[in-house]
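Undergrad: Note that the protein sequences, when read in sequence, are chains B and Y.
Residue 8 in the numbering used here sits at position 8 of the first sequence, with consecutive numbering throughout.
Adding 1000 to a residue's 1-based position in the second sequence gives its number in the numbering used here.
All residues carry an ideal CB built from backbone N, CA and C; glycine is no exception.
Since the model is a prediction, treat every value here as computed from it, not as a measurement.
2 protein chains.
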Amino acid sequence: MATSTSKFRRAVIAGVGLMGGSLGQALKSRELAEEVVGWGRNQGRLDEAVGRGAVDIGTRDRVRALDGADLLVFATPGSVTLSLAREWMPELPAGCLVTDLVSVKGKLVETLTKLTPPRASYVSSHPLCGSDRTGVAAARPDLYRNQLCLLTPVPATRKTAIGRIQKLWQNLGMTVVALAPGRHDRVVAAVSHLPHLVAAALVNRIGEERLLRFGGTGLKDTTRIAGADPGLWAEIMGENRKEILAQLDEFIKTLVSARKRLDSNHRAEIGQWLRQAAVRRKKLAP
Amino acid sequence: MATSTSKFRRAVIAGVGLMGGSLGQALKSRELAEEVVGWGRNQGRLDEAVGRGAVDIGTRDRVRALDGADLLVFATPGSVTLSLAREWMPELPAGCLVTDLVSVKGKLVETLTKLTPPRASYVSSHPLCGSDRTGVAAARPDLYRNQLCLLTPVPATRKTAIGRIQKLWQNLGMTVVALAPGRHDRVVAAVSHLPHLVAAALVNRIGEERLLRFGGTGLKDTTRIAGADPGLWAEIMGENRKEILAQLDEFIKTLVSARKRLDSNHRAEIGQWLRQAAVRRKKLAP
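In structure tokens form, the structure reads like this:
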């Protein structure tokens, strides 16, 4: 049970897919909100979210959703979050804390910060626990547990709001790290967007050769994220294009240098390079 | 329970690490061998293999191990398998069926085929169920289940021996496909060795930037295999160098073409490319 200061009265989650649905389940199972309201455009999906214990109420009515809300989470893709924020921000109740889960922060945080009325607070979040699965059917209350959440406050962000959002994610079992939005976008280009692009390139390359049917556990792990929602990822790639291009250029250099090492057949050098990777990889969780 | 024709009297596994240990556990739990003998150089590890139910007896004595054996599996790296085969093949009991689990086949299959005495049979196997984990402590009886096993018979290989080895792997729940050794080496360069090299390159690139601590589930999946035994993998990369170089060149071309697509910012094209990857990836098991 959370302490009263970190508990919300009415949490509103806009978008009840994998991320929003799992958040609702986690808030409810950990009793971090008295009431969880799901907002969406499709009543069938909202009903499914209620059925799966992700939200107490599912509504397509923004005004009804926001009535008495002290937490609003946009669990929607970047473009949707931007257009929702233009409508929702002017109507926030006093004291409402707002966050989003969008993967690219630069322009988004700038715009949403400007749109936030003085009676409310906005702190942008990026929980790094995406999946190749989508939809509330894949939601699970422990999706966020033991994962990393990046916060991207700006100078205008209220310190008390940062503290409350940090506490929210910590209460879900997350490790929270704050980064400036620009730094965040460089970091996720390296640790998330580049690996996604590389996984997609592997699948497409091996698929062209019609060899995917020979793939074992290694290939399955390495390419799992390439199965994620391509529409969402095309948007992310577009939004963070410049940072991803920079990371991709460096990665191609790394491959070209590995190629040279392999071509010269210096097994000790190849072994050393693989050993360095193995030692580094072992430091990540399995 | 297997039929009597596919059951072995005395199965000898040379090397009781992850692969050998899991094989022993599977043979025992499925009652596919009356007796499973583990051979190795380290008595402590052999005792551990006995303790973990991977083998009935663990011995460092080759002659004792081979006495009455009707199945011999080299579950050792390629270089070790080659040197063991030179010693063991001349001493095989009549009717003994021999296989190995080595990842690169060309030269190995040629050499072991020549070393096989007429009273025995040799069919090379490659079960595609490696892992980033090593040692008998990580062994599990279902490691092979629902995975793919490639056989690489040559014209000299006896048809009855191919049938028996195929049945062995099928009895462990594997799907078995036969490929010529050269074709095998091209296929695994694409579906296994290239992804391994790419995973190692990702870890080393992101590690150089000291950003690995920001990795989420996507990065963990994508780079898991880079944690595998670097010594074993350096040997594999060296043995299959030419095929891997060819695959790497094509992969770099794929990345350069993806880079162009991203640079020109044609979101529809990027989306189409990601969608193709997602559709292809969904056809693989999770």
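For the region 1154-1182 of chain Y, which residues have a beta carbon sitting closer than 8 Å to at least one beta carbon of chain B?
TA: Cβ contacts with chain B come from Val1177.
Undergrad: If the cut is a Cβ gap below 7 Å, which residues of chain Y does Pro230 of chain B touch?
TA: Taking the first sequence and counting its residues from 1, one reaches residue 230 of chain B at position 230. By Cβ distance, chain Y contributes Gly1271, Leu1274, Arg1275, Ala1278.
Undergrad: Leaving aside the five residues before and after Ser1022 of chain Y along the sequence, list all residues of the same chain whose C-beta is less than 7 Å from its C-beta, in chain order.
TA: The residue you call residue 1022 of chain Y lines up with position 22 of the second sequence. Excluding sequence neighbours, Ser1022 of chain Y sits near Ala1139, Arg1140, Pro1141, Leu1143, Tyr1144.
Undergrad: On the DSSP bridge list, what partners appear for Leu151 of chain B?
TA: Translated into the one-based positions of the first sequence, residue 151 of chain B becomes position 151. B:Ser125, B:Ala178.
Undergrad: Measuring CB atoms only, is the region 252-272 of chain B touching the region 159-166 of chain B, in the sense that at least three cross pairs come out at less than 8 Å?
TA: Not touching, per the Cβ criterion.
Undergrad: Would DSSP call Arg1210 of chain Y helix, strand or coil?
TA: Against the second sequence, residue 1210 of chain Y aligns to sequence position 210. Coil.
Undergrad: Taking 7 Å as the CB-CB limit, is Trp1039 of chain Y close to chain B?
TA: On the second sequence, residue 1039 of chain Y is found 39 positions in, with the first residue counted as 1. Judged by the 7 Å Cβ criterion, Trp1039 of chain Y is not in contact with chain B.
Undergrad: Among the residues of its own chain, which have a CB less than 6 Å from the CB of Ala228 of chain B, if the five just before and after it don't count?
TA: The residue given as residue 228 of chain B occupies position 228 in the first sequence. Asp132, listed in sequence order.
Undergrad: Taking Cβ to Cβ, would you say Thr1152 of chain Y is nearer than 7 Å to His1184 of chain Y?
TA: As a first step, residue 1152 of chain Y is located in the second sequence; it is residue number 152 there, counting from the start. As a first step, residue 1184 of chain Y is located in the second sequence; it is residue number 184 there, counting from the start. For Thr1152 of chain Y and His1184 of chain Y, yes; Cβs fall inside 7 Å.
Undergrad: Give me the residue from Y:Leu1128, Y:Gly1216, Y:Ala1190 with the minimum Cα distance to Met1174 of chain Y.
TA: Counted from its first residue, the second sequence places residue 1174 of chain Y at position 174. The candidate whose alpha carbon is nearest that of Met1174 of chain Y is Y:Leu1128.
Undergrad: So, using beta-carbon positions, are Val191 of chain B and Leu1211 of chain Y closer together than 7 Å?
TA: Start at 1 with the first residue of the first sequence, and residue 191 of chain B comes out as number 191. Start at 1 with the first residue of the second sequence, and residue 1211 of chain Y comes out as number 211. Yes, these two residues count as a Cβ contact at 7 Å.
Undergrad: At a cut-off of 6 Å, would you count Arg1280 of chain Y as near the ligand COA, judging by its Cβ distance to the nearest heavy atom?
TA: By its list of ligands, the structure shown contains no ligand whatsoever, and the ligand COA lies outside what it can speak to.
Undergrad: Would DSSP call Asp100 of chain B helix, strand or coil?
TA: The residue labelled residue 100 of chain B in the question sits at position 100 within the first sequence. DSSP places Asp100 of chain B in strand when its eight states are reduced to three.
Undergrad: Using DSSP's beta-bridge definition, name the partner residues of Ile1013 of chain Y.
TA: Mapped onto the second sequence, residue 1013 of chain Y falls at position 13. BP columns for Ile1013 of chain Y point to Y:Gly1038, Y:Val1073.
Undergrad: Identify the contact partners of Gly1078 of chain Y in chain B, using a Cβ-Cβ distance below 9 Å as the criterion.
TA: Here residue 1078 of chain Y is taken as the residue at index 78 of the second sequence, counted from 1. Residues of chain B passing the Cβ test: none, with the nearest at roughly 13 Å.
Undergrad: Of all the residues that make up the region 198-223 of chain B, which are near chain Y by a beta-carbon distance shorter than 7 Å?
TA: Under the 7 Å Cβ criterion, the region 198-223 of chain B contributes Val198, Ala199, Ala200, Ala201, Leu202, Val203, Asn204, Arg205, Ile206, Gly207, Glu209, Leu211, Leu212, Phe214, Gly215, Gly216, Thr217, Gly218, Leu219, Lys220, Asp221, Thr222, Thr223.
Undergrad: By alpha-carbon positions, which one of B:Gly238, B:Lys114, B:Lys220 ends up nearest to Leu1284 of chain Y?
TA: One-based indexing of the second sequence puts residue 1284 of chain Y at position 284. The shortest Cα separation from Leu1284 of chain Y among B:Gly238, B:Lys114, B:Lys220 belongs to B:Lys220.
Undergrad: Pick helix, strand or coil for Gln134 of chain B, following the three-state DSSP scheme.
TA: Here residue 134 of chain B corresponds to residue number 134 of the first sequence, with the count starting at 1. According to the sequence provided, residue 134 of chain B is Thr. The question's Gln does not apply to it. Three-state result, Thr134 of chain B: coil.
Undergrad: What is the C-beta distance between Ala11 of chain B and Leu71 of chain B, in whole angstroms, given that I count them as a contact (C-beta under 8 Å)?
TA: For the purposes of this step, residue 11 of chain B is identified with residue 11 of the first sequence, where counting begins at 1. For the purposes of this step, residue 71 of chain B is identified with residue 71 of the first sequence, where counting begins at 1. That pair is a contact at about 4 Å.
Undergrad: Whole alpha helix (DSSP H) runs in the region 1203-1263 of chain Y with 4 or more residues, listed along the chain?
TA: You should have 1217-1223, 1230-1239, 1241-1263.
Undergrad: What do you reckon, are the CB atoms on Val136 of chain B and Val16 of chain B nearer than 7 Å?
TA: Along the first sequence, read from residue 1 onward, the residue named residue 136 of chain B stands at position 136. Along the first sequence, read from residue 1 onward, the residue named residue 16 of chain B stands at position 16. Yes, Cβ-Cβ distance for Val136 of chain B and Val16 of chain B is below 7 Å.
Undergrad: If we ignore side chains and look at the alpha-carbon of each, how far apart do Leu32 of chain B and Phe8 of chain B end up?
TA: Within the first sequence, the letter at position 32 stands for residue 32 of chain B. Within the first sequence, the letter at position 8 stands for residue 8 of chain B. Looking at the two C-alpha atoms, the distance is approximately 6 Å.
Undergrad: Along the region 1111-1145 of chain Y, what residues have a CB closer than 8 Å to any CB found in chain B?
TA: From the region 1111-1145 of chain Y, only Leu1128, Cys1129, Gly1130, Ser1131, Asp1132 have a Cβ closer than 8 Å to chain B.
Undergrad: Leaving out the 5 sequence neighbours to the left and right, which residues in its chain are closer than 6 Å to Ile206 of chain B when beta-carbon positions are compared?
TA: Residue 206 of chain B sits at position 206 when you count from the first residue of the first sequence. Cβ within range, chain order: Leu212.
Undergrad: So Trp1273 of chain Y packs on Ala156 of chain B, CB below 8 Å; how close in whole Å?
TA: The sequence position of residue 1273 of chain Y within the second sequence is 273, counting from 1. The sequence position of residue 156 of chain B within the first sequence is 156, counting from 1. At roughly 38 Å, the Cβ-Cβ gap does not stay under 8 Å, so Trp1273 of chain Y and Ala156 of chain B are not in contact.
Undergrad: For a quick check, are the C-beta atoms of Ala189 of chain B and Ala1277 of chain Y less than 7 Å apart?
TA: Taking the first residue of the first sequence as 1, we reach residue 189 of chain B at position 189. Taking the first residue of the second sequence as 1, we reach residue 1277 of chain Y at position 277. No, Cβ-Cβ distance for Ala189 of chain B and Ala1277 of chain Y is not below 7 Å.
Undergrad: Note the first and the last residue of the continuous beta strand (DSSP E) segment covering Thr1160 of chain Y.
TA: Here the question's residue 1160 of chain Y lines up with position 160 in the second sequence. Counting along the chain, Thr1160 of chain Y falls outside any beta strand (DSSP E), though it belongs to the alpha helix (DSSP H) covering 1159-1171.
Undergrad: In terms of residues, what are the limits of the alpha helix (DSSP H) holding Arg1116 of chain Y?
TA: Along the second sequence, read from residue 1 onward, the residue named residue 1116 of chain Y stands at position 116. It is worth fixing the name first, because residue 1116 of chain Y is Thr in this sequence and not Arg. That residue, Thr1116 of chain Y, is in no alpha helix (DSSP H); it is neither H nor E in DSSP.
Undergrad: Which of the three DSSP states, helix, strand or coil, is assigned to Ala94 of chain B?
TA: Working through the first sequence from its first residue, we reach residue 94 of chain B at position 94. Three-state DSSP puts Ala94 of chain B in coil, outside helix and strand.
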